[in-house]
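Protein chains in written order, with this note's numbering: chain A, 33 to 237; chain B, 33 to 237.
Glycine included, C-beta positions come from ideal geometry on N, C-alpha and C.
Everything below concerns the one structure shown next.
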């Protein structure tokens, strides 16, 4: 790609470093910025810079926060005895959106993945085990994605905490609400049969 | 979408102002930045800001440039008698990539589109007509997209310059190289028959 301006080229190159943004998309975005008032670009640029500089991670659950202890962890109405273990911040947002969980979270910051060079020590596992050792946790809910990496991570954490008397659970796998059975994959369908629940329970949901 | 951090929320909101970037994509991009070293975000932010502040438009062809007169317009080896009229900067880059044009460009900055509130005076048409009036232009090539807006814009410009003795042309429409005839639309196929060229000419390309 030949650019008529070095400034344009640099902006496009920086933009195309972002995941899923190729050179063409980056060019389209940058040209859009040139058509908009200067202030839009300055606001975007400033927001990104401030965010990157000042954003904190909650010292307890490692969720993104503006303060030392995030709103969820510092909320006295939430049940501090149940901790839902998730991969990243988006999972916290997704579960919060359902309004079906009133415990606390623990954000691992990824999954164990030897292929990507991510080991247990790159994740926030130690602090989670620490919480369990302190004896305040009664239940740990594993809510990682059900991939090989997710299962490995679940199992690694389970091994570390199995000697403590706490209940561990994992979110239910099954056919999505509204999905047709014939299009479901075998493993999910199989699991949904094995882990069937009493009909009377299901109609109360 | 509930955010655990105002800084994060603002960054996502600003990012999702860009065309084709929704809230979810913006969040993905911003979380990616948080995982990367701070310097990456600062470099992106600085590149966008500098670009928006310092980028110039060539005073002759309105192409994006770092200097007053762009590299193409100031190149003495290019034929200043032929001007290719394009919609935006990306079209200049696309045509330059083909290495098949050695004249100059004129970037209109859009197409006449009453639906979007874009009239002839919002585009760089006056300066184009000015060039023709000066008598230095021998040929004008219309290379706008063949939509109703493109055709309207071509016709508007043509009306303004038809009294001057210059040759006007439009890029060839036809079946793309490598495309199957059966999948071509009727209008394109029809035009490609009407505007057929001598076989001997085609094998020289």
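Item                                                                                                                               : Value
Exposure of residue 95(A), with buried meaning 16 or more beta-carbon neighbours within 10 Å                                       : buried
Residue 223(B) at chain A interface by Cβ criterion, 8 Å                                                                           : no
Cut-off 7 Å between Cβ atoms - residues of its own chain near residue 190(B), not counting five sequence neighbours on either side : 200
Residue 122(B) and residue 59(A) closer than 8 Å at C-beta                                                                         : yes
Partner residues on chain A for residue 95(B), Cβ-Cβ distance less than 7 Å                                                        : 36
Residue 86(B) beta carbon less than 8 Å from that of residue 39(A)                                                                 : yes
Minimum C-alpha distance to residue 223(A) - residue among 77(A), 205(A), 64(A) and 74(A)                                          : 205(A)
Sequence ranges, alpha helix (DSSP H) only - wholly within the segment 129-171 of chain A, length at least 4                       : 158-165
Interface flag, residue 98(B) vs chain A, CB-CB below 8 Å                                                                          : yes
Span of the alpha helix (DSSP H), counted from its first residue to its last, around residue 62(B)                                 : 55-67
Near-chain A residues of the segment 126-139 of chain B (beta-carbon distance less than 9 Å), N- to C-terminal order               : 128 and 129
Local conformation of residue 97(A) per DSSP, three classes                                                                        : strand
Minimum Cβ-Cβ distance from residue 194(B) to chain E less than 8 Å                                                                : In the structure shown, chain E does not exist; the protein chains are A and B.
Nearest neighbour of residue 116(B), chosen from 225(B), 220(B) and 172(B) [CA to CA]                                              : 172(B)
Span separating the alpha-carbon of residue 221(A) from that of residue 197(A)                                                     : 32 Å
Chain A contact residues for residue 217(B), given Cβ-Cβ distances below 7 Å                                                       : Residues of chain A passing the Cβ test: none, with the nearest at roughly 24 Å.
Closest by C-alpha distance to residue 179(B), when choosing among 145(B), 76(B) and 109(B)                                        : 145(B)
Neighbouring residues, chain B, relative to residue 145(A) (Cβ below 7 Å)                                                          : None at all; the shortest Cβ gap to chain B is about 14 Å.
Residue 138(B) vs residue 109(B) beta-carbon contact at 8 Å                                                                        : no
Three-state secondary structure assigned by DSSP to residue 109(B)                                                                 : coil
Beta-bridge partners of residue 87(A), as assigned by DSSP                                                                         : None, per the DSSP bridge assignment.
Any C-beta of chain A under 8 Å from that of residue 55(B)                                                                         : no
Contacts of residue 77(B) in chain A (Cβ-Cβ under 7 Å)                                                                             : 77, 80 and 81
Proximity to residue 48(B) [Cα-Cα], best of 41(A), 125(A), 104(A) and 75(A)                                                        : 75(A)
Residue 78(A) versus residue 57(B) - alpha carbon distance                                                                         : 19 Å
When 187(B), 81(B) and 167(B) are compared against residue 8(B), the one with the closest alpha-carbon                             : Any answer about residue 8(B) is impossible in this case: the structure gives chain B only from 33 up to 237.
First and last residue of the uninterrupted beta strand (DSSP E) at residue 199(A)                                                 : 199-202
Under 8 Å from the C-beta of residue 110(B): neighbouring residues of chain A                                                      : None at all; the shortest Cβ gap to chain A is about 13 Å.
Min CB distance residue 170(B) to chain A below 8 Å                                                                                : no
DSSP state of residue 127(A) mapped onto helix, strand, coil                                                                       : helix
Between the CA atoms of residue 90(A) and residue 231(A) - distance to the nearest angstrom                                        : 40 Å
Proximity test, Cβ basis, 8 Å: residue 105(A) and chain B                                                                          : no
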